[in-house]
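Taking it in order: structure first as structure tokens, then the write-up.
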Amino acid sequence: MKPERTPMSRRPKPPPKPKTAERIIERDPVEVYCRIRPPENLNQEECVTAVDSRTVKLTPPLSSFAFRNGHAKEHQYKFRHVFNSDSSQKDVFDYVAKPLVSDVLRGKNGLLFAYGVTGSGKTHTMQGSPQDGGIVPRTLDVVFNSINEYQTKRRIFKPDGMNGFDAQCESDAFNERRRIDATPLNPRTPKTPRYRRDTSGSQDSSQRIPDTSRIECIDEDNVFSIFVAYIEIYNNYIYDLLEDLSDAGPSGRLQTKILREDAQHNMYVHGCTEVEVKNPDDALEVLYKGQRRRKIAYTRLNCESSRSHSIFTIRVVQAPLDAQGEEVVTDKSSIMVSQLSLVDLAGSERNNRTKAVGDRIKEAGNINNSLMTLRTCIEVLRENQMMGSSKKVPYRDSKVTHYFKNYFDGEGKVKMVVCVNPKADDYDETLPVMKFAELASEVQVQRSVQPARQDPGLLPGRRRANQLFKEVRRRLEEEGENVKNLEVDLTPIYTLAPAWPAVSYTAETRDDVIMKLKAYLQKRIHNREKLQTELKGKILTMHTNVVEMEKENLIMKKEIMSLRSLYDDAMTKVRTLESMLLNAESVNESLQRKFTDYNNLVDECNAVREERDLAKSHGHLEKQRMKARLKSKLEIEKEKLKNDMQTKLCEQKSKMYHSQVRALQEIFLDDNQTPKNIRVPSTSDSDLHQSRQGPHSSIKGSTSDPKLNISQAFLTPDLRGPAVSNQRHRRSRSQGADMWLDHRPGQEVPLGTVLQPNLPRRKSVTRLRSGDLLDGRVTNYCLTTQQQDSEGELETKLYKNMNWQVLEWGQHVLLCWLLFCDLATYYLRPAEVPRWCSRMWRSSSSEIPWLSLCLSVPQMVPLK
Ligand code: ADP
Ligand code: MG
């Protein structure tokens, strides 16, 4: 709540705050006073007594909850001052509130709380009765007593709606006054009271005994205006008790208001009515109207006003007179606003005491919450100050604390009157009140400084000089002088005292006049002395300030010197470091180059090594493959030799058998008899016989005539042999010029090796046709296959045969050959021979490896 409420943009930038170490923050404690109300009746048992002017003793009565729980100890609490039951309202006002009034008239803010349980005298202390007014009416009296002759006319100042005020010249204000006076009066709106005062419902102000005291030393070159606002916080909602009810609709209910922060971060109630008042009665009229509204609202709600917090705010708006002391300076930056908030808090008792139910519990809860938040804020503030911590003060938790947050942050003085009802029944409720009071008195609030206003450079005494000038003018006019262009230099006019008293006297009045003159001169002398003392004081202060400034100046100079030398040292270091950095960078660059060169060299070496390794491993692989191939060839050779040997053996046996049979036939034919001792052929013989039967043996079947069978078997053995062989296509390897039929895969992968098949004369085909085989020039056949081996490598196999023939079966012609390569890979048992060739080979007892090869060769398709 800074006194000056000028928009940020127009406000000169504040000078930077000195560092904490140099800045001495002046703090004042929250001033907590205690007021003990008189007993309600003479026989009342009491639990609170004032020990001295600062101490209160609390004795737990037998009926108290604390006593019953074994807390029978007496407690003493310290206050700034204790007002006992016979302290008057004036005592309380003079001691507690008057300094705040003085502050507010000098532009400082103030906050005064009345705290305590219901019935302890809070409202009595704040408002009192017409005959014996409390703090509020007395404050108003003293404010108006002090500024009465310096007040502006209405509407010179007007609220700007953003917690600030605007000023306008007298002519504009006059027009506005006329316009307002012309509008019909709305009885529901407590606008600025006019001369036609609405007295309905006001308290009996005729009986009112006003406070006649005043605050001296008011800046008489300023003009003042007083505005009052009256709000209520009920159930944590804010209501404006002076609101214009014509906007409230037919219900006539007050609207809830919201809190806002102005440009200077001061909290204010947005849209709150502020009524300009020109005397205490006007102000009290407004207060009583607000109270009547409260009462109506509470009657409607069937509850009592002690359940809400009421805040009556007096705002003092002042601005300097211009150089002629005639009109107000309307510049917004010259306007100073200060406020004094007088708060009558709700009763602090708990629910159970009030027997609250339903809505009342919620209401009591909200009261307790807001008081609890106030308590918490005070606790946190105290903890922060005592422990040096910086905990967040929960001002925002309730409207009351949020509204007054600025006060606790050092924007004004905070005082609290703790009201106590000494009756024993209240002990349990009074105890926490006392504890809270003790806690609050330990909190320190930053002292609000006199607002630094822009000095308009105007001389003091302008008002008085203007009055003198007007008086002179008037007198000159009376004497018939032309005063139209009269100009007076007001500078040398001093204001040591009011106007001179009359000096004409008669014999009777001589003494009286002399006395008056004496008093007047004495006053002048007194004033002069006072001014001289003030001047001396100011000179002294100024001198002290100058000396301090000199001292500070010297210290600063020294600091600057030392900082300069430090700066020079640092700069030298920086330069050295920079040159070192440059050197290091160039070294780094050359090292980088070398490093790149070495890396390239390493890469080359690695590439060479890898090539070598590759060649080595490739050679090794080739060797392995060669070895495997040679081994397989060796195996095939072995097998072939074995087969040849077996064939030869069979042929030999067959020859022997034939010769024996022929010998027997000859014997038979010679003897012309049925043979009797025919040797049954041995198993090996029958095997041989069987092996020579061929595939047609099963078709032909057997006959029951053994003779015929034997003759068939022995006389036509070649016809039943390999019946499908076509002797026309047999090629002899002995023919000198060999011609190779080179049968290769369709998409051959190059071998990439020097080991290539040696086929001097060849005819290469990818698809085998009968014409190729039946070509008379072809003597040899070579088949090339390619596939992946188990290690994922490409495996190329060459099947060369020197002994092949074409077999015919029905429409199909099959190519068969004997191999020199490893047959194990393509080995099949007769049972696995596909059906289409089963007839051909079923009779064969031995395994037929070359057949399986026929089937596995991909290019081997039926010949067309
Ligand atoms: P509160 O506002 O705390 O609930 P009130 O101010 O309404 O209490 O006081 C309750 C009653 O006690 C009123 O009738 C009031 O006149 C009376 N009272 C309180 N304090 C005093 C006092 N100091 N002197 C005389 N009467 C008092
Ligand atoms: Mg009350």
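Numbering (the working numbering), first residue to last: 395 to 1258.
Here a beta-carbon is modelled for each residue, glycine too, at the ideal position from N, C-alpha and C.
For the alpha helix (DSSP H) containing residue i, list its first residue and its last residue.
{"i": "GLN533", "result": "Reading off the sequence shown, one finds Thr at residue 533, where the question assumed Gln. 529-541 is the span of the alpha helix (DSSP H), which, as asked, contains THR533."}
{"i": "THR577", "result": "Segment: none, THR577 is in no alpha helix (DSSP H) and carries neither H nor E."}
{"i": "GLN861", "result": "856-872"}
{"i": "LYS516", "result": "516-520"}
{"i": "TYR797", "result": "793-797"}
{"i": "THR707", "result": "Premise fails: THR707 lies in the beta strand (DSSP E), 703-714, not in any alpha helix (DSSP H)."}
{"i": "GLN718", "result": "Neither: GLN718 is in no alpha helix (DSSP H) and is coded neither H nor E."}
{"i": "THR824", "result": "821-835"}
{"i": "PHE461", "result": "459-462"}
I need the straight-line Cα distance from residue i to residue j, nearest angstrom please.
{"i": "ALA491", "j": "GLU439", "result": "31 Å"}
{"i": "GLY1088", "j": "CYS1044", "result": "Reliability of the predicted coordinates at GLY1088 is poor, the pLDDT of 38 falling under 50, and the value obtained from them is presented with this limitation in mind. Cα to Cα, GLY1088 sits roughly 15 Å from CYS1044."}
{"i": "GLY558", "j": "LYS817", "result": "46 Å"}
{"i": "PRO553", "j": "LYS912", "result": "47 Å"}
{"i": "LEU1028", "j": "GLU1004", "result": "36 Å"}
{"i": "SER835", "j": "ILE772", "result": "9 Å"}
{"i": "LEU739", "j": "ASP613", "result": "34 Å"}
{"i": "SER1026", "j": "MET1050", "result": "36 Å"}
{"i": "SER481", "j": "PRO854", "result": "41 Å"}
{"i": "LEU934", "j": "LYS945", "result": "16 Å"}
{"i": "LEU494", "j": "VAL877", "result": "45 Å"}
{"i": "ASP1277", "j": "SER1011", "result": "Residue 1277 falls outside the range modelled here, since the chain spans only 395 to 1258, and no answer is possible."}
{"i": "GLU721", "j": "ASP615", "result": "11 Å"}
{"i": "ASN800", "j": "LEU833", "result": "19 Å"}
{"i": "VAL426", "j": "VAL498", "result": "19 Å"}
{"i": "GLU873", "j": "LEU880", "result": "14 Å"}
{"i": "LYS683", "j": "SER523", "result": "16 Å"}
{"i": "LEU929", "j": "LYS864", "result": "29 Å"}
{"i": "THR900", "j": "VAL866", "result": "26 Å"}
{"i": "LYS502", "j": "SER732", "result": "6 Å"}
{"i": "ARG1019", "j": "LYS1032", "result": "20 Å"}
{"i": "THR453", "j": "VAL530", "result": "32 Å"}
{"i": "VAL671", "j": "SER640", "result": "21 Å"}
{"i": "GLN1059", "j": "TRP1134", "result": "48 Å"}
Where does residue i land, buried or exposed, given buried means 16+ other C-beta within 10 angstroms?
{"i": "GLU416", "result": "Confidence at GLU416 is low in this model, with a pLDDT of 42, below 50, so the placement of that residue should be treated as unreliable; the coordinate-derived value is given next. Answer is exposed; the Cβ neighbour count stays below 16."}
{"i": "CYS999", "result": "exposed"}
{"i": "THR546", "result": "buried"}
{"i": "TYR589", "result": "Because the pLDDT of TYR589 is 37, which lies under 50, any placement of that residue in the model is unreliable, and the number read from its coordinates should be weighed accordingly. With fewer than 16 other Cβ atoms within 10 Å, it is exposed."}
{"i": "THR990", "result": "exposed"}
{"i": "LYS952", "result": "exposed"}
{"i": "VAL814", "result": "buried"}
{"i": "SER1128", "result": "Summary for SER1128: the model assigns pLDDT 44, below 50, so the residue's position carries little reliability; its value from the coordinates is reported in the next sentence. Burial call: exposed."}
{"i": "SER742", "result": "buried"}
{"i": "CYS611", "result": "exposed"}
{"i": "GLN352", "result": "Residue 352 is absent from the structure shown; the chain starts at 395 and stops at 1258."}
{"i": "ALA978", "result": "exposed"}
{"i": "GLY806", "result": "buried"}
{"i": "ARG1006", "result": "exposed"}
{"i": "GLN483", "result": "buried"}
{"i": "ASP1038", "result": "exposed"}
Along the chain, where does the beta strand (DSSP E) that runs through residue i open and close?
{"i": "GLN1182", "result": "1174-1182"}
{"i": "ALA508", "result": "504-509"}
{"i": "ARG654", "result": "653-655"}
{"i": "VAL814", "result": "807-814"}
{"i": "ASP1136", "result": "1134-1137"}
{"i": "ASP634", "result": "631-634"}
For residue i, would you say it is in contact with chain C, using Cβ-to-Cβ distances shorter than 7 Å as the test?
{"i": "LEU436", "result": "Looking for chain C here will not work: only one protein chain is present."}
If residue i sits next to residue j, beta carbons under 8 Å apart, how far is it from one beta carbon to the other, in whole angstroms?
{"i": "ALA561", "j": "ILE729", "result": "6 Å"}
{"i": "GLY527", "j": "ARG602", "result": "7 Å"}
{"i": "GLU637", "j": "ARG688", "result": "So it is not a contact: roughly 12 Å between Cβ atoms."}
{"i": "VAL837", "j": "VAL450", "result": "No, VAL837 and VAL450 are not in contact; Cβ-Cβ is about 19 Å, not under 8 Å."}
{"i": "GLN840", "j": "ARG421", "result": "6 Å"}
{"i": "ARG571", "j": "ARG549", "result": "5 Å"}
(Q) Could you check whether the region 530-549 touches the region 609-623, counting it as contact only if at least three pairs of C-beta atoms, one from each stretch, sit closer than 8 Å? (A) yes
Q.
I need the residues with a C-beta less than 6 Å from some heavy atom of the ligand FMN; please give them in chain order.
A. In terms of ligand content, the structure shown lacks the ligand FMN and carries the ligand ADP and the ligand MG instead.
Q.
Does the region 464-473 come into contact with the region 503-515, if we say contact requires no fewer than three beta-carbon pairs (one atom in each stretch) closer than 8 Å?
A. No contact exists between the region 464-473 and the region 503-515.
(Q) Can you confirm whether the region 648-658 touches the region 628-637 when touching is taken to mean that 3 or more C-beta pairs between the two stretches lie within less than 8 Å? (A) Touching, per the Cβ criterion.
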